[in-house]
Amino acid sequence: MFKELREDIKKDVEIITNELRENIKKDVEIITKNQLELKNTITEIKNSLEGITSRLDEAEERISDLEDKVAEINQTEQQKEKRIKNNEDGLRDLWDNIKRNNMRIIGIPEGEESKQGIENIFEVIMSENFPNLMKETNIQVQEVQRVPTRINPNRSTPRHIIVKMAKLKDKERILKAARERQRVTYKGTPIRLSNDFSTETLKARREWQEILKVMENKGLQPRLLYPARLSFKVDGEIKSFPEKNKLKEFITTKPALQEILKGLL
1 MFKELREDIK KDVEIITNEL RENIKKDVEI ITKNQLELKN TITEIKNSLE GITSRLDEAE
61 ERISDLEDKV AEINQTEQQK EKRIKNNEDG LRDLWDNIKR NNMRIIGIPE GEESKQGIEN
121 IFEVIMSENF PNLMKETNIQ VQEVQRVPTR INPNRSTPRH IIVKMAKLKD KERILKAARE
181 RQRVTYKGTP IRLSNDFSTE TLKARREWQE ILKVMENKGL QPRLLYPARL SFKVDGEIKS
241 FPEKNKLKEF ITTKPALQEI LKGLL
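The letter at position 112 of the sequence shown is residue 112 when you use full-length UniProt numbering, and the numbering goes up by one with no holes.
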């Protein structure tokens, strides 16, 4: 009986062992399969990441190329704008040089030239305001004319008169005398004498007119340097500004000037 019991136990152990082996084998196969699938998944992910990295590198390279092209285009545009500005400045300087002997008379009523001839208007101005200069200097005039040649019916102010002097120094003497005199008249009526500049220079200088008037009223003695630089003395030092934004930056440290120029910049 004991022998039979041993045999039964042995058989049971073998059955259990075989079952365990089968289960372990199946588990190992499942684990191996899962590992293989995981490995394949990792490989796929790796390949996918490599593909993404490659595309990112390619995209970055393209972006870099585009940035280089944009920078090149911007540089070309800047060079083009600089050439255009240089050409415009050169043309402006050429016209200003052509007009350098000219003096502009502003404020003579229309029709005065028909009464006494346009050349005589200049002589009246000189005799009325600068008699000593007329005696001391043999001032020669080459040409006198109204500009533009036709009257604009929409404009209420009289056309300007351009006087072309034979000598530059004569024009400069007259304008200097006008600045010193401050008030110049024609038959008692206030007029203005100024340099004759190109349209571009005149436009740039007009940008400063309101500021000039305010500064003059405050006794700051401003001046307009060629072509259109505002110059004045502040705190014992002469300052000049080619553009309004430069003046605006400067007065941020000058409260008194800020108050004077309030609303003009």
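For glycine and all other residues, C-beta sits at the position ideal for the given N, C-alpha and C.
Taking all protein chains shown into account, do 16 or more other C-beta atoms lie within 10 angstroms of the C-beta of Arg6, making it buried, or fewer, making it exposed? The count along the sequence shown starts at 1 and reaches residue 6 at position 6. Label assigned to Arg6: exposed.
Please check the pair residue 266 and Ile162, which I expect to be a contact at CB under 8 Å, by giving their CB distance rounded to whole angstroms. An answer regarding residue 266 cannot be provided, because it is not within the stretch 1 to 265 covered by the chain.
State the beta-bridge partners of Asn217 as determined by DSSP. As a working mapping, residue 217 is identified with position 217 in the sequence shown. DSSP, once it has assigned bridges, lists no residue as partnering Asn217.
Taking Cβ to Cβ, would you say Arg155 is nearer than 7 Å to Arg146? Position 155 of the sequence shown, counting from 1, holds the residue named residue 155. Position 146 of the sequence shown, counting from 1, holds the residue named residue 146. The Cβ-Cβ distance between Arg155 and Arg146 does not fall below 7 Å.
What do you get for Arg205, buried or exposed, if any count of 16 or more other CB atoms within 10 angstroms of its CB means buried? The count along the sequence shown starts at 1 and reaches residue 205 at position 205. When all chains shown are included, Arg205 counts as buried.
Contact between the stretch 120 to 129 and the stretch 178 to 198 is defined here as three or more beta-carbon pairs at a separation below 8 Å; is this criterion met? yes
With distances taken Cα to Cα, identify the nearest neighbour of Asp170 among Val141, Thr157, Lys254. For this step, residue 170 is matched to residue 170 along the sequence shown. Per the Cα distances, Val141.
Between the CA atoms of Glu243 and Glu249 - distance to the nearest angstrom: Indexing the sequence shown from 1 puts residue 249 at position 249. Indexing the sequence shown from 1 puts residue 243 at position 243. Straight-line Cα distance between these residues: approximately 10 Å.
Taking only runs of the beta strand (DSSP E) that begin and end inside the UniProt domain "L1 transposable element RRM" (100 to 196), which ones reach a length of at least 3 residues, in chain order? Scanning the UniProt domain "L1 transposable element RRM" (100 to 196) from its first residue to its last, the whole beta strand (DSSP E) runs of 3-plus residues come out as 102 to 106, 141 to 147, 160 to 165, 184 to 186, 189 to 195.
Just to confirm, are Asn102 and Lys164 a CB contact at a threshold of 7 Å? Taking the sequence shown and counting its residues from 1, the one referred to as residue 102 is at position 102. Taking the sequence shown and counting its residues from 1, the one referred to as residue 164 is at position 164. Pairing Asn102 with Lys164 gives a Cβ-Cβ distance under 7 Å.
Cβ shell of Ile211 (< 6 Å), same chain only, five flanking positions each side left out: Taking the first residue of the sequence shown as 1, we reach residue 211 at position 211. Once the five neighbours on either side are set aside, the close Cβ partners of Ile211 are Leu264.
Looking only at its own chain, which residues have a Cβ that is under 8 Å from the Cβ of Leu133, when we skip the five neighbours before and after it? Position 133 of the sequence shown, counted from the start, is the residue given in the question as residue 133. For Leu133, where only same-chain residues beyond five positions count, the Cβ hits under 8 Å are Met126, Ile139, Arg173, Ile174, Ala177.
Just mark Leu91 as buried or exposed, buried being the case when its beta carbon has 16 or more other beta carbons within 10 Å. The residue labelled residue 91 in the question sits at position 91 within the sequence shown. So Leu91 counts as exposed.
Could you check what DSSP says for Ser240 in three-state terms: helix, strand or coil? Position 240 of the sequence shown, counting from 1, holds the residue named residue 240. The answer is strand: DSSP assigns Ser240 an E or B state.
Put Lys233 into one of helix, strand or coil per three-state DSSP. On the sequence shown, residue 233 is found 233 positions in, with the first residue counted as 1. Three-state DSSP puts Lys233 in a strand.
Would you identify the three-state DSSP class for Leu265, choosing helix, strand or coil? Residue mapping note: residue 265 aligns to position 265 of the sequence shown, counting from 1. Three-state result, Leu265: coil.
Between the Cα of Pro148 and the Cα atoms of Thr199, Asn217, Met215, Ser194, which residue gives the shortest distance? What you label residue 148 is simply residue 148 of the sequence shown in a count that begins at 1. For the residues Thr199, Asn217, Met215, Ser194, the minimum Cα distance to Pro148 belongs to Thr199.
Taking buried to mean at least 16 other C-beta atoms within 10 Å of its own C-beta, is Asp235 buried or exposed? Counting from 1 along the sequence shown, the entry for residue 235 is found at position 235. Its Cβ having fewer than 16 others within 10 Å, Asp235 is exposed.
Identify every residue that forms a DSSP beta bridge with Arg21. As a position in the sequence shown, residue 21 is number 21, starting the count at 1. DSSP output for Arg21 lists no bridge partner at all.
Just the C-alpha distance for Arg100 and Lys69, rounded to the nearest angstrom, thanks. One-based indexing of the sequence shown puts residue 100 at position 100. One-based indexing of the sequence shown puts residue 69 at position 69. Computed Cα separation, rounded: 45 Å.
Spatially closest choice to Thr137 from Glu143, Glu112, Lys167, Gln35, by CA coordinates: In the sequence shown, the residue the question calls residue 137 occupies position 137. Thr137 has its Cα closest to that of Lys167, out of Glu143, Glu112, Lys167, Gln35.
Considering only C-alpha positions, which residue in the set Gln78, Ser54, Met215, Gly111 is nearest to Ile151? Mapped onto the sequence shown, residue 151 falls at position 151. Comparing Cα positions, the closest option is Gly111.
Between which two residues does the alpha helix (DSSP H) harbouring Ala256 extend? Here the question's residue 256 lines up with position 256 in the sequence shown. It spans 255 to 260 - the alpha helix (DSSP H) in which Ala256 sits, taken as one unbroken run.
Per DSSP, the bridge partner or partners of Leu224: Here residue 224 is taken as the residue at index 224 of the sequence shown, counted from 1. DSSP, once it has assigned bridges, lists Leu230 as partnering Leu224.
Taking 7 Å as the cut-off, decide whether the C-beta atoms of Gly107 and Ile191 are in contact. The count along the sequence shown starts at 1 and reaches residue 107 at position 107. The count along the sequence shown starts at 1 and reaches residue 191 at position 191. Contact: yes.
I need the boundaries of the alpha helix (DSSP H) containing Glu200, first residue and last residue. Along the sequence shown, read from residue 1 onward, the residue named residue 200 stands at position 200. Glu200: member of the alpha helix (DSSP H) spanning 199 to 206, first to last residue.
So, is Val144 buried or exposed, given that buried needs 16 or more other C-beta atoms within 10 angstroms? Translated into the one-based positions of the sequence shown, residue 144 becomes position 144. Val144 is buried by the Cβ-count criterion.
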